[in-house]
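Engineer:
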Amino acid sequence: MVTNELIQQIKKKKSFLCIGLDVDLNKIPEHLLKEEDPIFAFNKAIIDATHHLCVAYKPNTAFYEAYGLKGWKALEKTINYLNEKHPEIFTIADAKRGDIGNTSTMYAKAFFEDLAFDSVTVAPYMGKDSVEPFLAFENKHTILLALTSNQGAFDFQTKTVEGKELYKQVLETSKTWENSENLMYVVGATKAEYLADIRQIIPDSFLLVPGVGAQGGNLQDVCKYGMNHQIGLLINSSRGIIYASKDPDFAEAAAIKAKELQQEMEVELKRY
Ligand SMILES: O=c1ccn([C@@H]2O[C@H](COP(=O)(O)O)[C@@H](O)[C@H]2O)c(=O)[nH]1
Numbered sequence: 422m423v424t425n426e427l428i429q430q431i432k433k434k435k436s437f438l439c440i441g442l443d444v445d446l447n448k449i450p451e452h453l454l455k456e457e458d459p460i461f462a463f464n465k466a467i468i469d470a471t472h473h474l475c476v477a478y479k480p481n482t483a484f485y486e487a488y489g490l491k492g493w494k495a496l497e498k499t500i501n502y503l504n505e506k507h508p509e510i511f512t513i514a515d516a517k518r519g520d521i522g523n524t525s526t527m528y529a530k531a532f533f534e535d536l537a538f539d540s541v542t543v544a545p546y547m548g549k550d551s552v553e554p555f556l557a558f559e560n561k562h563t564i565l566l567a568l569t570s571n572q573g574a575f576d577f578q579t580k581t582v583e584g585k586e587l588y589k590q591v592l593e594t595s596k597t598w599e600n601s602e603n604l605m606y607v608v609g610a611t612k613a614e615y616l617a618d619i620r621q622i623i624p625d626s627f628l629l630v631p632g633v634g635a636q637g638g639n640l641q642d643v644c645k646y647g648m649n650h651q652i653g654l655l656i657n658s659s660r661g662i663i664y665a666s667k668d669p670d671f672a673e674a675a676a677i678k679a680k681e682l683q684q685e686m687e688v689e690l691k692r693y
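Number 619 in our numbering belongs to position 198 of the sequence shown; there are no gaps in the numbering.
1) Could you pull the start and end residues of the alpha helix (DSSP H) that residue 502 belongs to?
2) Among 603, 500, 596, 693, which has the Cα closest to the Cα of residue 714?
3) Could you tell me the alpha carbon to alpha carbon distance between residue 482 and residue 585, rounded to whole angstroms?
4) What are the boundary residues of the beta strand (DSSP E) that residue 440 is part of?
5) Report yes or no: do the region 463-483 and the region 430-438 share at least 3 C-beta pairs separated by less than 8 Å?
6) Check whether the Cβ atoms of residue 517 and residue 542 sit closer than 9 Å, and answer yes or no.
7) To the nearest angstrom, how far is the alpha carbon of residue 570 from that of residue 515?
8) Using beta-carbon positions only, say whether residue 627 and residue 592 come within less than 9 Å of one another.
9) What runs of the beta strand (DSSP E), each 3 residues or longer, lie entirely inside the region 596-668?
10) Cα separation between residue 546 and residue 666?
11) In or out: residue 490 buried (at least 16 other Cβ within 10 Å) or exposed?
12) Assign residue 457 to one of two classes, buried (16 or more other C-beta atoms within 10 Å of its C-beta) or exposed (fewer than that).
13) Going by alpha carbons, who is nearest to residue 510 out of 604, 538, 686?
14) Do the CB positions of residue 609 and residue 568 come within less than 9 Å of each other?
15) Determine which residues share a DSSP beta bridge with residue 511 and list them.
16) Quick one, are the C-beta atoms of residue 670 and residue 649 less than 9 Å apart?
17) Could you say if the region 549-563 and the region 592-601 meet the contact criterion of at least three C-beta pairs nearer than 8 Å?
18) Relative to ligand 1, is the shortest distance from any of its heavy atoms to the C-beta of residue 504 smaller than 8 Å?
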């Protein structure tokens, strides 16, 4: 998907919500465990109930890899369902990959060709030759970890190296890489106070912002400092939406939570 289509969807739906599909079999309603593929049954119900409220879905691959072959099959069915039923929705494989060049190419093929995701999250710390193989794919997006939402972000990412914080070096250096127009960046909602500085370096890029809801990040603060001339934000919530209820009406409960966030986003879009 090209970025302009994503922007059009945001304007149409008055939403820049990304719903995280982080399926934990211990947290889903019990009746689904009797299904042949409980993970896909859960995702399908969530997607059917929420697709009109969001512009992106983000399965975190850890939640599928943890269930072995069954998990990977459920991930494949989920992306196929999204691409068939809702091709206008942006899809993110939150896989946090990146390796030496030829290995990165295989990761890129796995997520962009075999699974046909629109984007994949990638760690920057193996450098240019580990990221450029992802960037080489036309109309696909590489979402680079810049400043993550967790406490451990302060261990390395905010440390000053040769006079500049490491996350700023990641942003600046990555802009010089081939096909850097295919880059987006992860910035945690819990780090909203860094967004003004981040926008100085990457004014035009889309940011994937996890950390509202369960991690305590504030949507209004993210919008105040992170929104740009083309909105430029995808705000993710996973547990706060998909585990709103463990009852048979779990999908309706998820839709209520998604609607609350969408309405907050609509207010922010009017301000913008
Ligand atoms: O900095 C980061 C990068 C990725 N994540 C992922 O986003 C979701 C957040 O889930 P919630 O349940 O809404 O907290 C999850 O898949 C994380 O692995 C992140 O939180 N922070």
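Every residue gets a Cβ at the ideal spot worked out from N, C-alpha and C, and that includes glycine.
Structural biologist: Reading it off the structure:
1) 489-506
2) Lying before the first or after the last residue shown, residue 714 is absent from the chain, which here runs from 422 to 693.
3) 32 Å
4) 438-441
5) yes
6) yes
7) 14 Å
8) no
9) 604-608, 628-631, 654-658
10) 38 Å
11) exposed
12) exposed
13) 538
14) yes
15) 477
16) no
17) yes
18) no
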